[in-house]
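Colleague: All residue numbers for the sequence shown refer to the numbering used here, where the first residue is 261 and numbers rise by one.
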Amino acid sequence: MLNTGYTLTIYHVILGIAALAITGFLFFINRFGLDLSDESFYAIGYAFKTEPVVASTQFHLLYKKTFGFLNLTLVQIRDFRLIAHVISSLLLTKGIVDFLKIPKEPFHQRISVGLFIIIGAYVSYDFGPLTFSYNTISAVVLSSIAGIWLTLASKSHWNINSGIMAIALGFLLGIAFYNKFTNAVILVLVLPAGDIVNQYISVQKINWQLILKQWLSYLIGFISCVLWFTNYQLGIIGSLKNFYTNISGGSGDSHSFEKLIDNYIDNLEFLN
261 MLNTGYTLTI YHVILGIAAL AITGFLFFIN RFGLDLSDES FYAIGYAFKT EPVVASTQFH
321 LLYKKTFGFL NLTLVQIRDF RLIAHVISSL LLTKGIVDFL KIPKEPFHQR ISVGLFIIIG
381 AYVSYDFGPL TFSYNTISAV VLSSIAGIWL TLASKSHWNI NSGIMAIALG FLLGIAFYNK
441 FTNAVILVLV LPAGDIVNQY ISVQKINWQL ILKQWLSYLI GFISCVLWFT NYQLGIIGSL
501 KNFYTNISGG SGDSHSFEKL IDNYIDNLEF LN
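#1: What's the gap between the Cα of Ile483 and the Cα of Tyr394?
#2: Rounded to a whole number of angstroms, what is the C-alpha to C-alpha distance between Trp409 and Ala279?
#3: Alpha carbon to alpha carbon, how far is Gln493 from Lys325?
#4: Anyone know if the C-beta pair for Phe392 and Phe340 falls short of 8 Å?
#5: Alpha carbon to alpha carbon, what distance is there between Ala344 and Phe327?
#6: Please state whether the Cβ-Cβ distance between Ala436 and Asn443 is less than 8 Å.
#7: Taking Cβ positions, are Val357 and Val373 nearer each other than 8 Å?
#8: How would you write the range of the alpha helix (DSSP H) that Ser414 sits in, first residue to last?
#9: Between Ile379 and Ile471, is the Cβ-Cβ spacing less than 8 Å?
#10: I'd like to know whether the C-beta atoms of Asn439 and Ile405 end up nearer to each other than 8 Å.
#11: Assign Val313 to one of two classes, buried (16 or more other C-beta atoms within 10 Å of its C-beta) or exposed (fewer than that).
#12: What residue ranges within the segment 461-508 form continuous alpha helix (DSSP H) runs of no fewer than 4 residues, ordered along the chain?
#13: Tell me whether Asn290 sits in a helix, a strand or coil according to DSSP, three-state version.
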């Protein structure tokens, strides 16, 4: 029988080679691949840095605000998607490692978590492998939010770094709403509930002062995102009104809040 440490070493080498091979292959097809989905629709919106009339979300606005000044080519947009998946996977890896308190030694345990998450993120390339769509942005943003939240949940006390991470989480939550709010609205309930449950499980009581600090930081980050989208010209109240207009009036029938609630009700009725 092979030594356990040797077995783990071979296992991680194979896993690492697989991750690098997949990354290299995706980097290659970014230049020569044929996207079978609606990449041309997104590419046109990116090229003109505006939202096509038929769009039902604000992801083109998100792209314009963040990368519009760069005038990225189609290949560069594809490469950015790949990089975004890797970065969000690293954030999620850190969150899981911190939350589960996976020890630094042996280091291969942490490496295995990261490699599995990165390879898992590449599953999104199963169809339309090149498109940088609002679904892609949702996956990247939600993975990043989950990673940051898990890191925050692993902390036993509040410090400056905690505040910065919570504000960043709130900012990402704002991006998630602008991108596709039906995928983000549930987080408004899940995040606060998760904070309370985590507090109770960790210390058998709820530290409301810590919870309120965290929620306030979320709110600061969220409002900062809304102000950023309006170029800081409308003030807080005006920016929030603009945000509401964008996610309500700017959403098509298939992405409206009413449609989301109807889908939840239909699913519950199906389960019953």
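Ideal placement from N, C-alpha and C gives every residue a C-beta, glycine not left out.
Being a predicted model, the structure only gives us computed values, none of them experimental.
Modeller: Looking at the atomic coordinates:
#1: 21 Å
#2: 25 Å
#3: 15 Å
#4: yes
#5: 13 Å
#6: yes
#7: yes
#8: Here Ser414 belongs to no alpha helix (DSSP H), and DSSP marks it neither H nor E.
#9: no
#10: no
#11: Model confidence at Val313 stands at a pLDDT of 47, short of 50, so the residue's coordinates are unreliable; what they give is reported in the following sentence. Exposed, by the Cβ-count rule.
#12: 468-489 and 495-508
#13: helix
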